[in-house]
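Heads up, the sequence shown is in the UniProt record's numbering, so the first residue is 1 and it goes up one at a time.
Glycine included, every Cβ here is placed at the ideal spot set by N, Cα and C.
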Amino acid sequence: MNLSLLILLPFLGSILAGLLPPNARNREAVLSGLIAFACMGIVLWSAPTIFAGGIIEQQIEWLPFLDLNIIFRLDGFAWLFALIVSLMGLLVVIYARYYMDPADPVPRFFAFFLAFMGSMLGVVISGNVIQLVIFWELTSLSSFMLIAYWHHRPEARMGARIALTITAGGGFCLLAAMLLIGQVVGSYELDVILNSGDLIRRDGNYTLIVILFALGALTKSAQFPFHFWLPNAMAAPTPVSAYLHSATLVKAGVFLLARFWPILAMTEQWFWIIGLAGLLSLTIGAYIATFQRDMKGVLAYSTISHLGLITLLLGLNSQLALIAAIFHMINHATFKASLFMATGIVDHETGTRDMTVLSGLRRSMPLTATLATVAAAAMAGVPLLNGFISKEMFFSEILFVNDARSYLLPILAVIATTFSVAYSLRFILQVFFGPEATQLPRQPHEPPKWMLFPSAFLVCLCILIGVLPDIIISPILTLAASSILGDSTPSIDLAIFHGFNIPLLMSTIALIGGIVVYIILCPYLRSNPGQTLGITHLNGSRIFDSIMNGLDNIALNVNAYIASNRVQVQVLCIVLVSFIVALIPLLRYQDGLVLPRSSFDIAFALLWAMGALCAIGAARQAKYNRFRTVIFAGGAGIVTTVTFVWLSAPDLALTQLVIEVVTVVLLLLGLRWLPRHNANNQDILVDETVKRLRRGRDAIIAIVTGLGITVLTYIIITRDTIPAIGQFFSENALPKGGGTNIVNVILVDFRAFDTYGEITVLGIVALTVYALLRRFRPPEETIYALEKRNLTETPDLAKIKENEALPRGTLLVPNVLVRLMVPLVSLIAVFFFLRGHNLPGGGFVAGVIFAIGIIVQYIISGIHWVELNSRVRPLDWLATGLLFAVIAGIWPLFYGLPFLSALAWDIHLPLVGSVHLSSVILFDLGVFALVVGSSTYMLVALAHQSLRSQRQSQGAK
1 MNLSLLILLP FLGSILAGLL PPNARNREAV LSGLIAFACM GIVLWSAPTI
51 FAGGIIEQQI EWLPFLDLNI IFRLDGFAWL FALIVSLMGL LVVIYARYYM
101 DPADPVPRFF AFFLAFMGSM LGVVISGNVI QLVIFWELTS LSSFMLIAYW
151 HHRPEARMGA RIALTITAGG GFCLLAAMLL IGQVVGSYEL DVILNSGDLI
201 RRDGNYTLIV ILFALGALTK SAQFPFHFWL PNAMAAPTPV SAYLHSATLV
251 KAGVFLLARF WPILAMTEQW FWIIGLAGLL SLTIGAYIAT FQRDMKGVLA
301 YSTISHLGLI TLLLGLNSQL ALIAAIFHMI NHATFKASLF MATGIVDHET
351 GTRDMTVLSG LRRSMPLTAT LATVAAAAMA GVPLLNGFIS KEMFFSEILF
401 VNDARSYLLP ILAVIATTFS VAYSLRFILQ VFFGPEATQL PRQPHEPPKW
451 MLFPSAFLVC LCILIGVLPD IIISPILTLA ASSILGDSTP SIDLAIFHGF
501 NIPLLMSTIA LIGGIVVYII LCPYLRSNPG QTLGITHLNG SRIFDSIMNG
551 LDNIALNVNA YIASNRVQVQ VLCIVLVSFI VALIPLLRYQ DGLVLPRSSF
601 DIAFALLWAM GALCAIGAAR QAKYNRFRTV IFAGGAGIVT TVTFVWLSAP
651 DLALTQLVIE VVTVVLLLLG LRWLPRHNAN NQDILVDETV KRLRRGRDAI
701 IAIVTGLGIT VLTYIIITRD TIPAIGQFFS ENALPKGGGT NIVNVILVDF
751 RAFDTYGEIT VLGIVALTVY ALLRRFRPPE ETIYALEKRN LTETPDLAKI
801 KENEALPRGT LLVPNVLVRL MVPLVSLIAV FFFLRGHNLP GGGFVAGVIF
851 AIGIIVQYII SGIHWVELNS RVRPLDWLAT GLLFAVIAGI WPLFYGLPFL
901 SALAWDIHLP LVGSVHLSSV ILFDLGVFAL VVGSSTYMLV ALAHQSLRSQ
951 RQSQGAK
C-alpha cells in the first residue's frame, strides 16, 4: 500500500483549495471533504492487514548513508489515530461548510486545514523520528495559520503567536531528544528505537532525554505549566477548535507519550515528570473551567484537564493505565468535538458565547440542546456513556499505586472529576435551560440539518461505546494497545457494570459532589462572571507576556549598546566576529601552522598586487567618489576572474566574469539614487586626533583580518584532504553524473540539494529587494537633479508601445543595435546552457548572460518600452525556475530514487542520431530561469525608481 498518499493528498488539496476563487465555498468544501474521505478510505482499506497483526511500511531512500530515509509506518496505534484524524477531518469539513461566513476568505481556511491534516497524518505514520519532528513542526506552523485565520482580530494574532512560540519551542526540545535517542540506539528508525528500551533506560543521558521529550509532548498537549496557550487559541474559528483542540493537535503530545511509552516509561523519572504534569493539569484545568463565562473557555480548560487525566495515566508506569489512556483519547475526541460544534452552533445562531447572557435555548434549539446535553454528560462521566467507562478505568488504576502516593492521587482525582461534573452541569444549565434569553444579538433557531449531522454522529458514538463497549471499541482498543505493548498486552475487560466497588463509589461521589459544588458556587458565578475564585492572579498569559517583554527589553538594550547607524561600525562588528570565530579553532590546533611550500610566480604576484591596489582604491574612494569605487571594485573582480583562469578553473572564471558585469551595472543603477556625499558634514563633532586613531585601528584590523583569512584559505586549499575529495569527483563525474564538467556535475547532481537551497535563497533575496525598494523614496536632491535635466516628462506610452516614440534622450542607432543584439545574446545563453554539463557553462552562467541582454535593453531602450513590449515578467521567470527545480527533484521519487537524483535516457532521433537526456537538464533549466528572474526583478526595482521620481516631481509641481 502506498502510504505516502495519506500525506500527498492533503497537501495537494491544500494547494488546489488555495487556488480556487473566494466565492467557491461549495467547491472548496467538496474538495476538502473528498480528500478527507479518501484518506479515511485508505485507512479503512488497510484494516484487514492491521487487524491481522501486520505492519504496513513504505520506505523512500533519502540519505541512506546517514540512516535518514523517508519511512511511513502504519501499525495498530497509528491506524487508530489516522482514522481519528481523517474521520474527524471529514466531519469538521461538513460542519465548516455551514459555519464559515461567505464573506470570509474560505479558500485560505480550507488550504490551511488540509495542510494541517497532512502534517498530523505525517506525525502519526512517520517511521523515522527526524521525519516525525519535521511533521511535528509543520503541525505547529499550520495550526498557527489556522488560529490566526481572523487576523484582523488582535486576540487571534496574540493567540496564534503564543501557540506557535510555545509549541515550536517544545518542538526544538523534541528534536534534541530524538537526536539523543538516535545517538544512543544508533538509528533513527522507529522500529529499531522501539526495540531498544533497555538500552535507552540504562544510558547516562536518559534523564535528559525524558526532560527534553516531555517538554516537546507537554507543550503540544497544553499541559502545566504550558497550558495557557490553549485558552488563547480559542480565538480561532470553532471548526478549528473542534478539530485541532479536541481531536488532533492537542492529542499529538499524548500520542507521542503513548508511542514511546515502552522505551521511556517504567522509571521514577518518567512518573515524576509526566505524572506530576498530568496531575497538576487535571486539577487546575478542572477548577478554572468551572469559573469561565465563555463557552469555549470552559471547553478549553476542560480539554487541559482531560488531557491531564490522560497524561497522568501514561505516567503511572502501568500497562492497564496505558490502555485506559488510549481509551480516553478516543472518548475525549468524540464528546469534546461534539461540544465544540454545539458551541459554534450557539455562537453562529445567537451571535454570542457568553454564558451569562445565554439562557433557555432548549426551546428554540431543541436538537442542539439534546446533543450538547448528551455530550456534556459523557464529559462528566455519566453512566451508559463512553466517558463513564474510561473514568472508571482511571479510578481503578489510581488505586493501584503502591506507596504514599496511593492516598493523595485518588483524593485529587475525585476532586478533579467533581469539578468536571460541576462545569459540565453549568455548561448545560446556564445555556440551554432556565428562562428564555431576551437580549441576544440574533434570534436563536436551529441550524441546517447537515450542520448538526457531525455533532449527532459523534454523540451516537458516545452512546454506542457507552452501551456496547465490548462490541464497538474493545477490538480497536486491543489492536492499538498490542501494537505498543506487544505480547505483554494484558486482557481488556470493558463492561458497563463491574459490581459495587471502590471506583464506582468514587464515581458516585464525584457525580453528587459536582452537583453540590455547582449549587454552592452558583451565586458566586452569577455575581462574579469570569473570575476564578482564589487564583485570579494566576494568569499564564501574563507570565508569558512578562517573559516576552523581558526578552524584548534585553534585546533592545543589547542592540542599543552594540548597534550604530554608521555602516563602518556594523562592518567592524562583522569583521571582528568572523576573525574570532576563525581564530578559535586555530588556537586549539596542536600541530601548529605550517605553510606548505610552493613555487613563486612573479607574474601571478604582480596580478594580485594589481587586485590589492584596486581593492584599496575602492575602499579609499568609497566616501568621496562612488563611481570610482565601482570601477575599482570591478578591477578587483577582473583580477579574481584572471586568477581562476590562471589556476585552471575556467568554469569559475566564466561565472565570475558575467557576475562582474551584472554587479557593476546594478551598482551603477543603485548609486544613482543615493544621496550625495558631503564631506563637510562628516564627523564634524569628532576631534581630528580621534579620527586618526580610528583610521589606524581600522587599518590594523583590516590588515590582520585580511592576512589571517588569506593564510587560512591557503592552508585549506593546499591540505592533503583536498586531493582526495577532488579525486572522488574527478573519478565519478562522468560515470555517475554523466558529464565531464566536474563543477557543473557537482552543482546539479552531487550537491544539487545545496544548489536548490541556494537558488531558493536567491529568489527570496530578489523578492525582498523588490519589496524594500517599493518603499524607498529617492532623496530630494536626486529628484531636483532630474528636474534640472528635464527628465521628468512622462512619455506617451501608447506611442512607445506602437514603436512610434522613444524615451527622451534615447539614441536611435544604439537602440536599434541593442534590439538586434538580443537574439544573439539569447543564442549565446542557449549555447552555454547546453554545453554546461561537459564544458564550461551551465544554467547559472547562461541565466546571467541572458539577464545581461535584458539589462542592456533597460539601459538603452528605457523602462517603458521594455515593459510594454515584454511578454514574460521577471516574477514569472522566478516562479517557473522554482517549479522546474521542484519537478526535477520530485520526479525521481516515482522511480524509488532519492530526491533530486538524476534520471537518464538514451533516445534515437531521426537525422540527429543518439541523444542522451537527463532530468538534470530540467533542474539546470530551473536554475537558468530563476537567475534570469531574480536578476531582472532587482533591476526592475531599481529602474522603477525613475518612474516614481517622475511621478513625485510632477505631483510636487
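One question on the structure: do I7 and G118 come within less than 7 Å of each other, judged by their Cβ atoms?
Residue 7 sits at position 7 when you count from the first residue of the sequence shown. Residue 118 sits at position 118 when you count from the first residue of the sequence shown. It is a contact, given that the beta carbons lie within the stated cut-off.
Let me know the secondary structure DSSP gives L74 once reduced to three states.
Against the sequence shown, residue 74 aligns to sequence position 74. Secondary structure at L74: strand, using DSSP grouped into helix, strand and coil.
Where do the ends of the beta strand (DSSP E) carrying W905 lie?
On the sequence shown, residue 905 is found 905 positions in, with the first residue counted as 1. Note, W905: beta strand (DSSP E), 904-909.
Candidates I42, G127, L138, E155, of which the one nearest L194 by Cα
Locating residue 194 in the sequence shown gives position 194, counting from the first residue. By alpha-carbon distance to L194, the top candidate from I42, G127, L138, E155 is G127.
Per-residue DSSP class, three states only, for W45
Here residue 45 refers to the residue found at position 45 of the sequence shown. It is helical.
In the structure shown, what three-state DSSP assignment does N732 receive?
Your numbering for residue 732 matches position 732 in the sequence shown. Three-state result, N732: helix.
Sub-7 Å separation of L878 and G757 beta-carbons:
In the sequence shown, counting from the first residue as 1, residue 878 sits at position 878. In the sequence shown, counting from the first residue as 1, residue 757 sits at position 757. With a cutoff of 7 Å on beta-carbon distance, L878 and G757 are scored as not near each other.
Start and end of the alpha helix (DSSP H) containing V184?
For the purposes of this step, residue 184 is identified with residue 184 of the sequence shown, where counting begins at 1. Here the alpha helix (DSSP H) through V184 covers 154-185.
D294 in three-state terms, based on DSSP:
For the purposes of this step, residue 294 is taken as the residue at position 294 of the sequence shown. The answer is strand: DSSP assigns D294 an E or B state.
Please return the same chain residues whose Cβ sits closer than 6 Å to the Cβ of P529, not counting the five positions on each side in sequence.
In the sequence shown, residue 529 corresponds to position 529, counting from 1. If we look at P529 and ignore the five residues flanking it on each side, its Cβ neighbours are R293, T356.
Restricting to runs no shorter than 4 residues, where is the alpha helix (DSSP H) found entirely within the stretch 470-552?
Given a length threshold of 4 residues, each whole run of the alpha helix (DSSP H) inside the stretch 470-552 is given here in chain order: 474-485, 502-527.
N838 and T740 - do their beta-carbons sit closer together than 7 Å?
To locate residue 740, count along the sequence shown from 1; it is residue 740. To locate residue 838, count along the sequence shown from 1; it is residue 838. Yes, Cβ-Cβ distance for T740 and N838 is below 7 Å.
Look at the alpha carbon of S491 and the alpha carbon of L87, and state the distance between them as a whole number of angstroms.
Counting from 1 along the sequence shown, the entry for residue 491 is found at position 491. Counting from 1 along the sequence shown, the entry for residue 87 is found at position 87. About 28 Å.
Alpha carbon to alpha carbon, how far is L358 from G253? Give it in angstroms, no decimals.
As a first step, residue 253 is located in the sequence shown; it is residue number 253 there, counting from the start. As a first step, residue 358 is located in the sequence shown; it is residue number 358 there, counting from the start. The straight-line gap from Cα to Cα measures roughly 34 Å.
Are there three or more Cβ pairs, one per stretch, closer than 8 Å when the stretch 181-198 is compared with the stretch 274-288?
No: the two stretches stay apart, fewer than three of their Cβ pairs being nearer than 8 Å.
My output table needs one value for N559: the three-state DSSP class, helix, strand or coil.
Here residue 559 corresponds to residue number 559 of the sequence shown, with the count starting at 1. DSSP places N559 in helix when its eight states are reduced to three.
Taking the continuous beta strand (DSSP E) assigned at H837, which residues delimit it?
Counted from its first residue, the sequence shown places residue 837 at position 837. Careful: H837 lies outside any beta strand (DSSP E) and carries neither H nor E.
Sequence-distant residues of the same chain with beta carbon closer than 7 Å to G13, five excluded per side:
The residue given as residue 13 occupies position 13 in the sequence shown. Only L31, S32, I35, L114 meet the Cβ criterion.
Nearest-angstrom Cα distance between V374 and I134?
For the purposes of this step, residue 374 is taken as residue 374 along the sequence shown, with counting starting at 1. For the purposes of this step, residue 134 is taken as residue 134 along the sequence shown, with counting starting at 1. Cα-Cα distance, rounded: 38 Å.
Near T438, which residues of its chain fall below 6 Å by C-beta distance, leaving aside the five closest residues on each side in sequence?
The residue you call residue 438 lines up with position 438 of the sequence shown. Same-chain partners within the cutoff: there are none.
CA-CA distance, A618 and V825?
Taking the sequence shown and counting its residues from 1, the one referred to as residue 618 is at position 618. Taking the sequence shown and counting its residues from 1, the one referred to as residue 825 is at position 825. Spanning the two alpha carbons is a distance of roughly 31 Å.
Keeping to the same chain, check which residues put their C-beta closer than 7 Å to that of E28; ignore five residues upstream and five downstream.
Taking the first residue of the sequence shown as position 1, residue 28 is located at position 28. Only A17, L20, V106, P107, F110 meet the Cβ criterion.
Exposure of Y937, with buried meaning 16 or more beta-carbon neighbours within 10 Å
As a working mapping, residue 937 is identified with position 937 in the sequence shown. Buried, by the Cβ-count rule.
Look at E397 and L320 and say whether their C-beta atoms are less than 7 Å apart.
Taking the first residue of the sequence shown as 1, we reach residue 397 at position 397. Taking the first residue of the sequence shown as 1, we reach residue 320 at position 320. Taking 7 Å as the Cβ cut-off, E397 and L320 qualify as a contacting pair.
Supposed close pair M548, H445 - CB separation, criterion 8 Å:
Taking the sequence shown and counting its residues from 1, the one referred to as residue 548 is at position 548. Taking the sequence shown and counting its residues from 1, the one referred to as residue 445 is at position 445. Not a contact, Cβ separation roughly 43 Å.
L942 to S143 span [Cα, whole Å]
Here residue 942 is taken as the residue at index 942 of the sequence shown, counted from 1. Here residue 143 is taken as the residue at index 143 of the sequence shown, counted from 1. Spanning the two alpha carbons is a distance of roughly 38 Å.
Is it true that the CB of L477 sits closer than 7 Å to the CB of F327?
Here residue 327 is taken as the residue at index 327 of the sequence shown, counted from 1. Here residue 477 is taken as the residue at index 477 of the sequence shown, counted from 1. Closer than 7 Å, so yes.
Going by the CB atoms, is the gap between G204 and L479 shorter than 7 Å?
As a first step, residue 479 must be located in the sequence shown, where it is residue number 479. As a first step, residue 204 must be located in the sequence shown, where it is residue number 204. Contact: no.
Could you tell me which residues DSSP puts in a beta bridge with S914?
As a working mapping, residue 914 is identified with position 914 in the sequence shown. Paired residue(s): H908.
Are the Cβ atoms of L458 and S338 separated by less than 7 Å?
What you label residue 458 is simply residue 458 of the sequence shown in a count that begins at 1. What you label residue 338 is simply residue 338 of the sequence shown in a count that begins at 1. Cβ atoms of L458 and S338: closer than 7 Å.
Taking the straight line between their C-alpha atoms, what separation do you get for H537 and I415?
For this step, residue 537 is matched to residue 537 along the sequence shown. For this step, residue 415 is matched to residue 415 along the sequence shown. Any reading at H537 must be qualified, since the residue scores a pLDDT of 49, below 50, and its modelled position is unreliable; no value is offered.
Using 8 Å as the Cβ pair cut-off and three pairs as the minimum, do the stretch 913-925 and the stretch 881-898 touch?
yes
Beta-carbon separation of H227 and I304 under 7 Å?
As a working mapping, residue 227 is identified with position 227 in the sequence shown. As a working mapping, residue 304 is identified with position 304 in the sequence shown. Yes. Within cutoff.
Exposed unless 16 or more other CB atoms sit within 10 angstroms - verdict on N803
Position 803 of the sequence shown, counting from 1, holds the residue named residue 803. Note on N803: pLDDT 48, under 50, position unreliable in the model; the coordinate value appears next. Its Cβ having fewer than 16 others within 10 Å, N803 is exposed.
Mark F697 as exposed unless 16 or more other C-beta atoms lie within 10 angstroms of its C-beta, in which case mark it buried.
Against the sequence shown, residue 697 aligns to sequence position 697. The sequence given here has Arg at residue 697, not Phe. Result: exposed.
Can S126 be considered in contact with the ligand GTP, in the sense that its beta carbon sits closer than 6 Å to one or more heavy atoms?
Because no ligand of any kind appears in the structure shown, any question about the ligand GTP cannot be addressed here.
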